[in-house]
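Below: one structure, written as C-alpha cells.
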Amino acid sequence: MGDKISSRKTSLLLGLFVMSLVLSNALGAKIAEFHVPDFVSKPLNVIFYPLIYIMRAFLASIGGREIPLNFFDTFHVSVGILTVPLMFLITDIVEEVYGMKKVKEFIFVGVSSMVVMIIITTVAVMLPSAERSVDPQSYNAIFKVTIRMSIASICAFVLAQVHDMWSFEFWKSKTRGKHLWLRNNLSTMVSQLIDSTVFMFVAFYKSAPMWDAVFIISLIIPYWIFKILFAILDTPLAYAGVRWVREG
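Residue numbers (my numbering): 104 to 351.
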C-alpha cells in the first residue's frame, strides 16, 4: 500500500513539473507590473540591499541599465516566473527522496513534453483557419513560437536542470545529508541564473540592434534577484514536500 501511495505522489509531482514547464513557456510573453506594499517592500529592500548594490555597480561598470536601490517597490516581471521556481522545488524534493536517477527521468519527460508541445503548436498555427474560427492573428500571437526561442527554451531547461541536479547532489555529499535548506537554495539560485542567461542570450542576442550583451545582462539581473527571493521563500515548502513524499 505504501509503495502505491508513494508512486501516486511521484506521479503527481511529475504532472506538476510538466505543467510548470509548459506554462512557463505559454504564459511568459506577458509582463506584469506589481506595486508592493511598503510593509513588504521596505524589509526586502533592506535585506537584499547588498546584492542590489553589487548588481547595480556591476551594471554601471559595463554601461547597463540602472536598477533602483528600492528595487522591490515596483517591478515588472514576466508571469512565466511564477512557475519556474516550482520546477526547481519539485526536482529538489524528488532528488532528496529518490536520488539523481529519478530526477533524470523528470528531465527526460520534461524535454520530451516540450518538444511535442512545440511541434503541435507549430502545426496548429500553420493549419488554415475556418471562417468561424477565432481571429488568426490573435491566435498566432499567442501560440506562434520561433525556432530560435524553441531552441533557447530547451537549452536553458536542460542546462539549468542538469546543473541543479548535480549541484544538489554535490552539496548533499558535502553536508553529509544535512542542511536541506542550504543545498536547496545554493543549487537553485545558480541554476536559475543559468536558466535566465542561456534563454535570454540564445533567444534574443542580436535579434535587434538594441539586444546586445549589455542590454541582455541588464534584463537578466533583475529577474535573477526575483528568483533568489523565490528560492528563499520556497525553503519551507522543500521541507514539507520531502516529508510528505516520505510519509507515503
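From the three backbone atoms N, C-alpha and C, an ideal C-beta is built for every residue, glycine too.
- Listed in chain order, the non-local C-beta contacts of Gln295 below 6 Å within the same chain comprise Lys330, local neighbours out to five positions each way being set aside.
- Per the coordinates, the alpha-carbon of Glu198 lies some 12 Å from the alpha-carbon of Leu116.
- Residue state for His266 is assigned as helix, using DSSP reduced to three classes.
- Around the CB of Val218, fewer than 16 other CB atoms lie within 10 Å, so the residue is classed as exposed.
- Gly166 and Glu234 have their C-alpha atoms some 51 Å from each other.
- Cβ-Cβ distances below 6 Å link Ser127 to Gly183, Thr186 and Val187 in the same chain, with the five nearest sequence neighbours on each side left out; the list follows chain order.
- Short of 8 Å from the beta carbon of Lys309, and not among the five residues preceding or following it, lie these beta carbons of its own chain, in chain order: Asp315.
- Segment contact: the stretch 152 to 165 against the stretch 218 to 231, fewer than three CB-CB distances shorter than 8 Å; contact not assigned.
- Per DSSP, the continuous beta strand (DSSP E) segment holding Val180 begins and ends at Thr177 to Ser181.
- When only Cα atoms are considered, Ser299 and Tyr152 end up about 22 Å apart.
- The beta carbon of Phe246 sits closer than 6 Å to the beta carbons of Thr224 and Val228 from its chain, once the five residues preceding and following it are set aside; these are given in chain order.
- For Glu136, there is no enclosing alpha helix (DSSP H); the enclosing beta strand (DSSP E) has its first and last residue at Ile134 to His138.
- Assigned with DSSP and collapsed to three states, Pro171 falls in coil, not helix or strand.
- Apart from the 5 residues on each side of it in sequence, Phe333 sits with its Cβ closer than 6 Å to the Cβ of Pro188 in its chain, given in chain order.
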